[in-house]
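The structure appears below as structure tokens.
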Amino acid sequence: NAGVTQTPKFQVLKTGQSMTLQCAQDMNHEYMSWYRQDPGMGLRLIHYSVGAGITDQGEVPNGYNVSRSTTEDFPLRLLSAAPSQTSVYFCASSYLPGQIISGNTIYFGEGSWLTVV
Amino acid sequence: GIQVEQSPPDLILQEGANSTLRCNFSDSVNNLQWFHQNPWGQLINLFYIPSGTKQNGRLSATTVATERYSLLYISSSQTTDSGVYFCAVVNQAGTALIFGKGTTLSVSS
Numbered sequence: 001n002a003g004v005t006q007t008p009k010f011q012v013l014k015t016g017q018s019m020t021l022q023c024a025q026d027m028n029h030e031y032m033s034w035y036r037q038d039p040g041m042g043l044r045l046i047h048y049s050v051g052a053g054i055t056d057q058g059e060v061p062n063g064y065n066v067s068r069s070t071t072e073d074f075p076l077r078l079l080s081a082a083p084s085q086t087s088v089y090f091c092a093s094s095y096l097p098g099q100i101i102s103g104n105t106i107y108f109g110e111g112s113w114l115t116v117v
Numbered sequence: 001g002i003q004v005e006q007s008p009p010d011l012i013l014q015e016g017a018n019s020t021l022r023c024n025f026s027d028s029v030n031n032l033q034w035f036h037q038n039p040w041g042q043l044i045n046l047f048y049i050p051s052g053t054k055q056n057g058r059l060s061a062t063t064v065a066t067e068r069y070s071l072l073y074i075s076s077s078q079t080t081d082s083g084v085y086f087c088a089v090v091n092q093a094g095t096a097l098i099f100g101k102g103t104t105l106s107v108s109s
């Protein structure tokens with residue numbers, strides 16, 4: 001059981017380049033999400049999905065695109081990278097957040113460190 | 001939306017000291033969790049505690065939902081406790097975890 005797998009772990013991009021952060025989970029979770037973590041800001045939700053074919057915006061969606069064609073995968077696309085997107089990105093999966101009960105938790109990937117120069 | 005505030009933002013301790021971290025939230029919640037992010041960035045769930053008290057070794061947590069706060073206690077701190085502690089609540093739509101900005105704990109030997 002691999003849990004939540006994110007790739008790549010580190011990436012340097014030039015301004016204007018595009019790239020995709022990959023996220024996969026093998027726990028058959030309906031819910032998947034992407035957060036970004038910036039110093040002093042905690043984790044902020046970018047996009048989330050409650051099932052295959054269903055996605056929605058979080059708190060900071062601008063400049064990012066997502067899709068959910070399968071239950072397992074939830075890639076995050078940066079369309080035209082900007083220095084403001086330098087951050088650490090976390091993918092997470094769980095049962096639906098409204099249904100998280102004791103013993104069911106949210107699982108985070110190990111993070112992807114992205115630098116845009 | 002729900003606001004989550006944590007205090008203190010930073011905490012520096014000597015090994016063996018006790019500490020209390022606080023999480024205030026702006027609306028009633030039925031799902032509150034505490035996480036620890038270690039210095040390598042890994043996020044680990046510590047407690048699911050929408051109300052009441054739970055203990056796990058040297059860590060314990062108490063949530064008083066009616067007064068909209070939760071406390072995380074760390075006793076006899078160790079250097080391995082260093083990192084950032086987050087509390088998070090589920091938003092009212094049930095679609096996302098809303099995180100506080102965290103408390104950064106540094107424990108020195």
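Chains as they are written, first to last, in the working numbering: chain A, 1 to 117; chain B, 1 to 109.
Every residue, glycine too, gets a C-beta built ideally from N, C-alpha and C.
Computed from a predicted structure; not experimentally measured.
How long is the line joining the alpha carbons of residue i and residue j, rounded to whole angstroms?
i	j	result
methionine 19 (chain A)	glutamine 14 (chain B)	43 angstroms
valine 29 (chain B)	glutamate 67 (chain B)	11 angstroms
glycine 41 (chain B)	glycine 53 (chain A)	30 angstroms
asparagine 45 (chain B)	proline 8 (chain B)	20 angstroms
arginine 22 (chain B)	tyrosine 48 (chain A)	28 angstroms
lysine 101 (chain B)	threonine 70 (chain A)	32 angstroms
alanine 96 (chain B)	isoleucine 12 (chain B)	31 angstroms
tyrosine 35 (chain A)	cysteine 23 (chain A)	12 angstroms
leucine 78 (chain A)	histidine 36 (chain B)	28 angstroms
valine 107 (chain B)	aspartate 10 (chain B)	11 angstroms
proline 50 (chain B)	leucine 76 (chain A)	31 angstroms
glutamine 92 (chain B)	phenylalanine 10 (chain A)	34 angstroms
asparagine 38 (chain B)	serine 109 (chain B)	17 angstroms
Could you check how far apart the C-beta atoms of residue i and residue j are, in whole angstroms? I think they sit under 8 angstroms.
i	j	result
glycine 109 (chain A)	valine 12 (chain A)	With 8 angstroms as the limit, glycine 109 (chain A) and valine 12 (chain A) do not qualify as a contact, their Cβ atoms being about 19 angstroms apart.
glutamate 72 (chain A)	glutamine 25 (chain A)	6 angstroms
tyrosine 116 (chain B)	threonine 103 (chain B)	This structure cannot settle anything about residue 116 (chain B), because the visible part of chain B is limited to 1 through 109.
serine 82 (chain B)	leucine 105 (chain B)	6 angstroms
Using a threshold of 9 angstroms, state whether the C-beta atoms of residue i and residue j are closer than that.
i	j	result
threonine 105 (chain A)	glutamine 6 (chain B)	no
glycine 16 (chain A)	alanine 92 (chain A)	no
- [ ] Check each residue of the region 74-92 of chain A: if its Cβ is closer than 9 angstroms to any Cβ of chain B, include it; give the result in chain order.
- [x] Val88, Phe90, Ala92
TODO: With 9 angstroms as the C-beta to C-beta threshold (strictly closer), list the residues of the region 17-36 of chain A near chain B in chain order.
DONE: Tyr31, Ser33, Tyr35
TODO: Would you check if the region 17-28 of chain B and the region 20-37 of chain A touch, i.e. whether three or more CB-CB distances between them fall below 8 angstroms?
DONE: no
TODO: With 7 angstroms as the C-beta to C-beta threshold (strictly closer), list the residues of the region 34-60 of chain B near chain A in chain order.
DONE: Gly41, Gln42, Leu43, Asn45, Tyr48
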